[in-house]
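Participant:
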Amino acid sequence: MDLPYLKIKGRSLLPVIQGGMGIGVSAHSLAGAVAAEGAVGTIASVELRRLHEDLMRHLRRLRDPAASAQANLTALDREIQEARRIAGKEGFIAVNVMHAISGYREHVLQAIRSGVNAVIVGAGLPMDLPTLAAEFPNVALIPILSEARGVQVVVRRWMRQKRLPDAIVVENPQFAGGHLGATRLEDVSDSRYGFANVLPAIRKLFEELGLKADQIPLIAAGGISSFQKMREIFSLGGSGAQLGTPFAVTTEGDAHINFKRVLADAMPKDLVTFMSSAGLPARAVLTPWLRRYLGREGRLRACASPDHSQCPSQTECLVHCGFKDGHSSSGQFCIEAQLAAAQRGDVEHGLFFRGAGQLPFGQQIRSVRELFATLLGETAQTSVEECIPMVAV
């Protein structure tokens with residue numbers, strides 16, 4: 029490999045974190061395969077129960093938020109154990125937990141107790157994560173942030189809890205997929221989030237805080253899909269990259285082939301940013317459901333009211349949900365249902381999160397190993413897998 033290794037908790041890893049992609053897009057198959065290659069394989073903790081038919085069969089009779097929450101913890105443990113089986117005992121397995129979910133604390137503790145090497149937290153500022161994981165000092169804690177100001181707030185708070193992040197994922201909302209690290213749609217493309225601005229600013233912050241320049245690895249996320257872009261990140265003071273969409277479309281990715289085809293076939297003109305029901309800007313492919321929703325969004329938000337709000341799926345998955353809580357500033361749809369439809373390949377009704385960057389192999393579906401060869405400056409395998417045709421749902 030022509031790039032430096034990523035150092036986390038005394039481990040030397042390939043300088044790549046596979047991004048967490050929720051509701052079963054990055055589960056045991058993908059995370060296990062990535063970790064087996066020597067990088068950080070990540071399971072997204074949110075709503076994993078949908079991958080386990082026995083759990084879903086039981087829940088359909090109950091319609092109980094508490095039962096759904098417990099089923100998600102059971103599913104999370106199963107996925108971690110399966111990922112570990114694939115990766116082996118030396119594989120570095122992480123779990124991504126959204127701070128915005130209602131079961132945030134429980135998911136963090138379940139991940140740790142199930143034997144993960146790291147917990148990665150996004151969609152909010154994880155101020156209390158060191159205290160929450162205080163009894164598990166060997167588990168790496170990694171927040172996802174977008175600018176030096178947020179890094180300063182989190183690092184100062186963590187220092188008071190006698191803990192530093194073991195790495196920080198620095199997300200550029202201009203290129204990332206899914207929920208973005210900006211609070212307003214108009215800020216998504218702001219140049220202040222560019223890596224050339226943010227990475228040196230964070231390094232300067234570390235100096236002001238009395239930290240060594242390389243004490244906390246900085247992992248750039250958003251739009252990185254080639255060896256050249258990896259080298260650029262290192263030249264700016266980064267220690268590695270986090271990638272989501274390029275991993276989502278690999279053969280080992282846990283989502284349906286239709287999901288992979290939608291992401292791989294999407295052109296820049298097909299991508300849109302909009303307000304998620306989680307109250308954050310999001311980026312996705314403009315598929316039929318999203319086109320219909322955006323056509324009605326103005327009317328739906330105008331009608332939103334806390335007086336007649338309820339969780340349609342009775343899962344209460346988010347702390348804040350514009351649809352459930354009747355908040356007109358957020359999206360008015362059940363994000364859990366729409367993302368689940370995408371994961372199982374329902375092109376007509378699914379919400380397909382995707383990053384804005386170009387994919388390493390264009391429209392081709394390739395393996396995790398081939399992706400690493402491209403990212404790390406090695407020679408990719410010569411046997412190119414042709415584009416896999418669309419499969420009917």
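Each residue of the sequence shown is one higher than the one before, counting from 29 in my numbering.
Don't be surprised by glycine CBs; every beta carbon is placed ideally from N, CA and C.
Starting from Q243, trace the alpha helix (DSSP H) in both directions and tell me its first and last residue.
Facilitator: No alpha helix (DSSP H) contains Q243, which DSSP labels as neither H nor E.
Participant: I need the straight-line Cα distance from E236 to V183, nearest angstrom please.
Facilitator: For E236 and V183, the distance between alpha carbons rounds to 12 Å.
Participant: Quick one: grab the DSSP three-state call for I393.
Facilitator: I393 falls in the coil class under three-state DSSP.
Participant: Could you give the distance in angstroms between the alpha-carbon of G385 and the alpha-carbon of S333?
Facilitator: Approximately 37 Å between the Cα atoms of the pair.
Participant: Closest to A204 by CA distance: which of T278, H284, S174, N286 is it?
Facilitator: With distances taken between Cα atoms, A204 lies closest to S174.
Participant: Compare the beta carbon distance of A241 and I252 with 8 Å and say whether it is the shorter of the two.
Facilitator: No; because the gap between Cβ atoms is not below 8 Å, this pair is not in contact.
Participant: Once the 5 residues before and after M29 are set aside, which same chain residues still bring their CB inside 8 Å of it?
Facilitator: Here the set comprises L42, L404, G405, E406.
Participant: List the endpoints of the continuous alpha helix (DSSP H) containing R141.
Facilitator: Start and end: 132 to 141.
Participant: According to DSSP, simplified to helix, strand and coil, what is S54?
Facilitator: The answer is coil: DSSP assigns S54 none of H, G, I, E or B.
Participant: Around the Cβ of M258, are there at least 16 other Cβ atoms within 10 angstroms (buried) or fewer (exposed)?
Facilitator: So M258 ends up on the buried side.
Participant: Looking at L58 and G69, is the spacing between their C-beta atoms short of 8 Å?
Facilitator: Taking 8 Å as the Cβ cut-off, G69 and L58 qualify as a contacting pair.
Participant: Give a yes or no on contact between the region 280 to 292 and the region 353 to 360, applying the rule of three or more CB pairs nearer than 8 Å.
Facilitator: The answer is no - the region 353 to 360 does not touch the region 280 to 292, with fewer than three Cβ pairs under 8 Å.
Participant: Around the C-beta of E413, are 16 or more other C-beta atoms found within 10 angstroms, so that it is buried, or is it exposed?
Facilitator: Annotation note: pLDDT 37 at E413 (below 50); position unreliable, no value reported.
Participant: In whole angstroms, what is the alpha-carbon distance linking R185 and S217?
Facilitator: Whole-angstrom Cα-Cα distance: 28 Å.
Participant: In this structure, how does DSSP classify A161 when only helix, strand and coil are distinguished?
Facilitator: Coil at A161, not helix or strand.
Participant: In chain order, which continuous runs of the alpha helix (DSSP H) of length 4 or greater are located wholly inside the region 78 to 138?
Facilitator: Within the region 78 to 138, the complete alpha helix (DSSP H) runs of at least 4 residues are 81 to 88, 93 to 115.
Participant: Identify which residue in R311, R106, L213 has its Cα closest to the Cα of K297.
Facilitator: Per the Cα distances, R311.
Participant: Determine, using beta carbons only, whether F361 and F287 come nearer to each other than 8 Å.
Facilitator: Taking 8 Å as the Cβ cut-off, F361 and F287 do not qualify as a contacting pair.
Participant: Please state whether the Cβ-Cβ distance between N200 and G222 is less than 8 Å.
Facilitator: Yes, the Cβ-Cβ distance between N200 and G222 is below 8 Å.
Participant: By Cβ distance below 6 Å, which residues in the same chain neighbour P417 in space, the five residues on each side in sequence not counted?
Facilitator: Unreliable positioning characterises P417 in this predicted model, as indicated by a pLDDT of 37, which lies under 50. The coordinate reading is nonetheless provided below. Contacts found: none.
Participant: Among S263, E65, M49, F164, which one has its Cα closest to the Cα of N225?
Facilitator: Measuring from the Cα of N225, the nearest candidate turns out to be S263.
Participant: Which residues mark the beginning and the end of the beta strand (DSSP E) in which R311 is found?
Facilitator: Counting along the chain, the beta strand (DSSP E) containing R311 begins and ends at 309 to 313.
Participant: For G266 and L90, what's the separation of their Cα atoms in angstroms?
Facilitator: When rounded, the distance between both Cα atoms is 48 Å.
Participant: So which of P193, L31, I129 has the shortest CA-CA distance to I51?
Facilitator: Among P193, L31, I129, the Cα nearest to that of I51 belongs to I129.
Participant: If I'm right that L399 touches T278 with Cβ under 8 Å, what's the distance once you round it to whole angstroms?
Facilitator: About 6 Å separates the two Cβ atoms, so the contact holds.
Participant: Identify which residue in D215, R220, H207, T159 has its Cα closest to the Cα of K190.
Facilitator: Checked all of D215, R220, H207, T159; the closest Cα to K190 is T159.
Participant: Apart from the five residues just before and just after L76, which ones in its own chain have a Cβ nearer than 7 Å to its Cβ?
Facilitator: So the list reads G52, A55, N100, A103, L104, E107, once near-sequence residues are dropped.
Participant: At 3 residues or longer, what runs of the beta strand (DSSP E) sit wholly inside the region 258 to 330?
Facilitator: If we require 3 residues or more, the beta strand (DSSP E) runs fully inside the region 258 to 330 come out as 268 to 271, 299 to 303, 309 to 313.
Participant: Could you spell out where the beta strand (DSSP E) holding I36 opens and where it closes?
Facilitator: Residues 34 to 36.
Participant: Can you name, in chain order, every residue of its own chain whose Cβ lies under 7 Å from the Cβ of A115, other than the five neighbours on each side?
Facilitator: Cβ neighbours of A115 beyond the five flanking positions: G60, A63, A64, G69, I121.
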